[in-house]
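Residue numbers (the working numbering): 4 to 248.
For each residue, glycine too, the CB sits at the ideal point set by N, CA and C.
Please read these numbers as outputs of a predicted model, since none were measured by experiment.
Accompanying notes for the structure given below.
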């Protein structure tokens with residue numbers, strides 16, 4: 004009895020020590036990168052949230068169901084698309100609905116997976132438009148609450164993906180060109196960016212793409228309109244592979 008009691012007490016104290024250690028763990032820095040975070044949700048959660056995003060771009064889905072977006076969620080779509088195409092939770096919902104009205108689509112082909120390093124959600128999908136199919140690779144970054152903080156998209160045409168190695172289909176290798184892992188603030192517990200914070204200004208000084216992103220968040224609508232005009236009418240044919248580059 005004495006040995007059993009001592010073992011039970013020891014286990015209880017050990018559990019309490021671990022719990023206290025977790026509670027005492029320092030909070031992520033406000034400037035932390037997304038890669039400092041680890042998954043807090045089951046893999047199925049990240050897959051489901053990624054899929055739900057594509058439902059918002061599918062005319063067959065319920066338009067009232069939207070992903071669990073962060074307050075300052077951002078969407079970055081690499082050329083030939085229009086760079087910063089969504090910003091802030093309410094704006095993201097409205098801008099995505101507007102895009103679906105302007106260019107109706109379904110997303111019949113989807114393959115999404117969860118990963119233990121950011122971005123936690125990654126998908127290969129095919130959008131179906133009246134003009135034809137459009138293959139896209141897309142990634143989803145999450146905060147500790149399970150909110151989507153950053154969405155990043157690439158055309159699946161030659162030379163437009165973030166990786167050069169065709170065997171690295173899920174962009175896990177060392178030579179992947181993505182923005183989400185370079186934006187300071189996406190790694191704090193809330194995943195909230197601050198475009199005018201000292202750490203963002205310093206990152207922008209060192210990284211022209213971070214600088215471009217930060218500047219576009221300050222003037223979102225005008226920068227989106229400018230990028231849309233600059234891309235011209237060939238953006239969709241090029242990005243979807245309907246015409247030769």
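- Looking at the DSSP output, residue 180 shares a beta bridge with no other residue.
- Looking from the CA of residue 242, the closest CA among 214, 225, 129 and 120 belongs to 129.
- Here residue 155 carries a strand assignment [DSSP, helix/strand/coil].
- Only buried fits residue 141, as 16 or more other CB atoms lie within 10 angstroms of its CB.
- One alpha carbon belongs to residue 69, the other to residue 45, and they sit about 19 angstroms apart.
- Per the coordinates, the alpha-carbon of residue 66 lies some 10 angstroms from the alpha-carbon of residue 55.
- DSSP places residue 93 in the helix class (H, G or I) of the three-state scheme.
- Within the stretch 62-143, complete alpha helix (DSSP H) segments of at least 4 residues are found at 92-105, given in chain order.
- When beta bridges are read from the DSSP output, residue 166 appears opposite 179.
- In terms of CA proximity to residue 110, 139 leads the group 124, 85, 139 and 101.
- Counting only residues of its own chain and dropping the five nearest sequence neighbours on each side, residue 48 has a CB closer than 7 angstroms to the CB of 149.
- If you look at residue 218, you'll find it in the alpha helix (DSSP H) that goes 211-221.
- DSSP lists 151 as the beta-bridge partner residues of residue 145.
- Judged by DSSP in its simplified three-state form, residue 185 adopts helix.
- In its chain, beyond the 5 residues on either side, 114 and 140 have a beta carbon closer than 6 angstroms to the beta carbon of residue 127.
- One alpha carbon belongs to residue 222, the other to residue 216, and they sit about 10 angstroms apart.
- Taking C-beta atoms under 8 angstroms as the contact rule, residue 191 and residue 31 qualify, at a distance of about 5 angstroms.
- No residue range can be given for residue 195, since it is assigned to no alpha helix (DSSP H) and is classified by DSSP as neither H nor E.
- Sixteen is the threshold: since fewer than 16 other Cβ atoms of the shown chains lie within 10 Å of the Cβ of residue 175, the residue is exposed.
- Close CB contacts of residue 60 within its chain, under the 8 angstroms cut and outside five residues either way in sequence, are with 99, 102, 103, 108, 110 and 130 (chain order).
- With respect to residue 152, residue 50 sits apart: the two C-beta atoms are not nearer than 9 angstroms.
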